[in-house]
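Asks: First, the structure itself, so that you have it in front of you.
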């Protein structure tokens with residue numbers, strides 16, 4: 127498996143999807159997206 131390619135892929139994905147990051151004991155949502163009700 128190409129670990130360098132996998133690492134680059136993960137960095138690209140995490141830079142675009144909402145996720146939690148913990149810094150100094152505090153969790154923060156990164157790349158939050160507004161929720162839209164499509165019903």
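Numbering (my numbering), first residue to last: 127 to 165. Yeah, the Cβ is synthetic: ideal placement off N, Cα and C, and Gly gets one too.
1) In whole angstroms, give me the CA-to-CA distance for residue 161 and residue 144.
2) Verify whether the separation of the beta carbon atoms of residue 168 and residue 156 is less than 8 Å.
3) What is the rounded straight-line gap between the Cα of residue 152 and the Cα of residue 129?
Replies: Reading off the structure:
1) Here residue 161 refers to the residue found at position 35 when the chain shown is read from its first residue. Here residue 144 refers to the residue found at position 18 when the chain shown is read from its first residue. Spanning the two alpha carbons is a distance of roughly 12 Å.
2) Because the chain spans 127 through 165 in this model, residue 168 falls outside it and cannot be assessed.
3) Sequence index remark: in the chain shown, residue 152 carries index 26 (1-based). Sequence index remark: in the chain shown, residue 129 carries index 3 (1-based). For residue 152 and residue 129, the distance between alpha carbons rounds to 30 Å.
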